[in-house]
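Data block below; observations after.
2 protein chains.
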Amino acid sequence: MDCKIFLIRVLKKVKVMSTKEKRRGRPPKSDRQKEVIRQRIIASARELFLDEGFEKVSMRKIAVKARCTPTTLYHYFRNKRHILHFLWEELFQQLSDSCVEAVQGYKDPLSRIRRLMTQYIHYWLENKDHYRVIFMIEDLSSPPDEDVNATSIMGRMQGFQILVEAIEQGCKDGLFFYDDMELIWQILSTHVHGIVTSLITVREIQWRPDHELIESSIETTLRGLVNEGHLLKRY
Amino acid sequence: MDCKIFLIRVLKKVKVMSTKEKRRGRPPKSDRQKEVIRQRIIASARELFLDEGFEKVSMRKIAVKARCTPTTLYHYFRNKRHILHFLWEELFQQLSDSCVEAVQGYKDPLSRIRRLMTQYIHYWLENKDHYRVIFMIEDLSSPPDEDVNATSIMGRMQGFQILVEAIEQGCKDGLFFYDDMELIWQILSTHVHGIVTSLITVREIQWRPDHELIESSIETTLRGLVNEGHLLKRY
DNA sequence: TTATTTTATGTAACGCGTTAAATAAAACAC
DNA sequence: GTGTTTTATTTAACGCGTTACATAAAATAA
């Protein structure tokens with residue numbers, strides 16, 4: 004019974020939506036209007052984040068800056084993480100820019116990949132609070148935001164593009180043990196990310212000096228990924 | 004002036020403490036008594052954690068179970084993380100046990116290391132909430148607890164002991180590219196940890212199927228760490 | 001007009017980790 | 001006994017993310 008009623012309601016709704024008959028209630032704000040408000044909220048969050056650091060970004064303070072109440076924020080974003088997602092892109096852009104700079108003057112794919120891995124690690128170590136914003140916010144229950152696809156963000160980043168191209172070139176040259184570009188960048192990503200997350204979050208372990216652990220760890224990954232004979236002298 | 008006064012106060016305190024004269028105020032609880040209360044608090048936290056999952060562990064609920072107020076908890080522990088640190092040891096023990104079981108029947112160091120790496124990853128992937136308890140609690144300001152040394156915890160774990168012994172044996176056999184046991188286990192740790200943390204926390208990326216990424220990632224690390232010719236057929 | 005329906009926003013609350021301030025308890029000095 | 005000093009514990013609060021609920025606003029239906 005309930006099922007039937009529900010079905011009828013859904014069908015009515017679909018009919019109304021599809022034929023664009025006059026809706027009954029207050030009309031929703033246009034997508035354009037909504038976007039304006041969303042941007043005002045994001046701008047407030049960014050201002051707080053840049054001015055006073057991540058720990059000052061609270062929903063209540065964002066609301067004050069955006070001239071609304073905290074509840075209104077939840078009308079436009081699922082949760083705090085959802086708002087901060089939009090700041091990710093800017094942080095990734097910084098990372099990307101620093102990576103682009105890091106490969107300047109390096110021509111062969113292997114050197115470029117090595118430089119990118121090194122820079123990735125150093126960027127996060129030098130911006131530990133940015134790292135926490137992105138990787139250490141517990142969302143517990145909520146599923147990942149389907150409208151924020153990190154792979155697509157990364158795809159638009161020049162730094163990631165350079166990595167992909169270097170891997171592509173490497174594959175052509177028979178550089179790698181594997182013949183699968185996606186697999187290769189995922190292996191590289193998990194390994195460098197492991198170094199970053201270990202050094203930042205596992206502070207109870209007495210790690211080797213940063214530079215030693217970083218360099219030997221990266222070289223280990225590259226030796227494991229690159230076919231014998233292709234491993235040139237570094238840099 | 005202030006400095007001088009401070010110095011005098013310190014000296015008085017030291018004198019009193021060292022000569023064991025009668026103290027003026029209410030005497031502190033004995034270390035034994037304090038330990039009893041600490042254990043009661045930890046037991047309450049553990050009960051909540053095991054019965055209802057991590058998200059139910061709140062300072063207020065621990066306090067109720069331990070029959071005191073939340074503030075009292077802060078008399079015996081610096082913060083929530085400090086209490087949960089004592090649960091770490093038990094989770095690490097589970098991990099250790101599963102690792103001990105995983106190497107059963109594997110004799111050569113390389114196979115044993117490979118088994119340990121694989122089991123480490125699978126343990127955390129199968130116990131994601133445990134992973135979050137340990138690695139994803141933001142402590143923001145506070146420095147790492149100096150009285151909880153993860154390396155010493157790990158040292159007492161048989162699973163870690165087996166890893167160290169396997170590395171030791173490997174070094175004797177000339178198995179590894181590096182000749183430094185600590186460096187080797189730290190490289191192994193960061194790499195496997197990178198896989199775990201990526202798969203658990205970076206959900207916005209469409210990762211390769213677990214088994215594929217795990218296996219090729221581990222093999223990459225081992226190829227990079229093990230000298231040519233020593234890399235036997237797997238398992 | 002008035003009633004109804006839907007959207008947008010606000011009010012007040014929940015439980016959270018943590019802490020300042022007050023108070024209770026236990027010792028000594030007088 | 002009465003104060004004094006130190007420790008242990010509680011009370012009450014802060015700001016937090018989030019949400020149930022109420023209300024305002026804007027449209028249609030009658």
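If you read the protein sequences in the order shown, they are chains E and L.
To get the working numbering, take the position in the first sequence, counting from 1, and add 3.
To get the working numbering, take the position in the second sequence, counting from 1, and add 3.
Don't be surprised by glycine CBs; every beta carbon is placed ideally from N, CA and C.
Beta-carbon proximity list for residue i, same chain, < 8 Å, skipping 5 on both sides
i, result
"TRP210/L", "SER201, LEU202, LEU216"
"LEU90/E", "ILE45, ALA48, ARG49, PHE52, VAL136"
"ASP182/E", "CYS174"
"LEU228/L", "PHE179, PHE180, TYR181, ILE187, ILE190, LEU191"
"MET184/L", "VAL167, ILE170, GLU171, CYS174"
"SER145/E", "Any reading at SER145/E is ruled out, since the residue's pLDDT is 49, under 50, leaving its predicted position unreliable."
"THR22/E", "Caution applies to THR22/E, whose pLDDT of 46 falls short of 50 and renders its modelled position unreliable; the value that the coordinates give is listed next. No residues qualify anywhere along the chain."
"ILE116/L", "LEU166, ALA169, ILE170, GLY173, LEU191, LEU225"
"VAL103/E", "GLN161, GLY162, ILE165"
"LEU1/E", "Coverage of chain E is limited to positions 4 through 238, which leaves residue 1/E absent and any answer about it impossible."
For residue i, the residue or residues it bridges with in DSSP
i, result
"PHE89/L", "In the DSSP output, where bridge partners are listed per residue, PHE89/L has none listed."
"PHE179/L", "VAL229/L"
Close-in-space but distant-in-sequence residues of the same chain around residue i (CB under 7 Å, 5 per side omitted)
i, result
"ARG118/L", "ALA105, VAL106, TYR109"
"ILE208/L", "none"
"LYS83/E", "MET62"
"HIS78/L", "none"
"SER219/E", "none"
"GLY177/L", "ASN230"
"VAL60/E", "ALA48, LEU51, PHE52"
"ARG35/L", "none"
Assigned secondary structure, residue i (DSSP; H/G/I helix, E/B strand, else coil)
i, result
"ILE208/E", "coil"
"GLY197/E", "helix"
"ASP100/E", "helix"
"ALA69/L", "coil"
"PRO30/E", "coil"
"VAL136/E", "helix"
"PHE52/L", "helix"
"SER220/L", "helix"
"TYR126/L", "helix"
"GLY108/L", "coil"
"VAL60/L", "coil"
"LYS239/L", "Examination of residue 239/L is not possible in this model, given that chain L is present from 4 through 238 alone."
"MET160/L", "coil"
"LEU84/E", "A quick correction: the sequence has Arg, not Leu, at residue 84/E. Here ARG84/E sits in helix by DSSP."
"LYS37/L", "helix"
Beta-carbon proximity list for residue i, same chain, < 6 Å, skipping 5 on both sides
i, result
"LYS131/E", "ILE203"
"GLU55/E", "none"
"PHE57/E", "ASP132, VAL136"
"PHE163/L", "MET157"
"THR72/E", "ALA66"
"GLY232/E", "none"
"ILE8/E", "Its pLDDT being 41, under 50, ILE8/E is placed unreliably by the model, and the measurement read from it follows with that caveat. No residues qualify anywhere along the chain."
"TYR123/L", "VAL195"
"VAL199/L", "ILE124, TRP127"
message: Quick check: the segment 58 to 77 of chain E against the segment 99 to 111 of chain E, are at least 3 beta-carbon pairs closer than 8 Å?
response: Too few Cβ pairs lie closer than 8 Å, so no.
- prompt: Are the segment 219 to 232 of chain L and the segment 188 to 205 of chain L touching by the rule of at least three beta carbon pairs closer than 8 Å?
  reply: In short, these stretches touch, since the Cβ pair count reaches three.
query: Going along the chain, which residues of the segment 173 to 184 of chain E sit with their C-beta nearer than 9 Å to a C-beta in chain L?
result: Here the close residues are PHE180, TYR181, ASP183.
- prompt: Closer than 9 Å, Cβ to any Cβ of chain L: which residues of the segment 197 to 221 of chain E, in chain order?
  reply: Along the segment 197 to 221 of chain E, the positions whose C-beta sits under 9 Å from a C-beta of chain L are GLY197, ILE198, VAL199, THR200, SER201, LEU202, THR204, VAL205, ARG206, GLU207, ILE208, GLN209, TRP210, ARG211, GLU215, LEU216, SER219, SER220, read in chain order.
- prompt: Contact between the segment 36 to 56 of chain E and the segment 85 to 97 of chain E: three or more CB pairs below 8 Å?
  reply: Taking one beta carbon from each stretch, the segment 36 to 56 of chain E and the segment 85 to 97 of chain E have 3 or more pairs nearer than 8 Å; the two touch.
task: Inspect the CB distances between the segment 183 to 190 of chain E and the segment 123 to 137 of chain E and report whether three or more fall short of 8 Å.
output: In short, these stretches do not touch, since the Cβ pair count stays below three.
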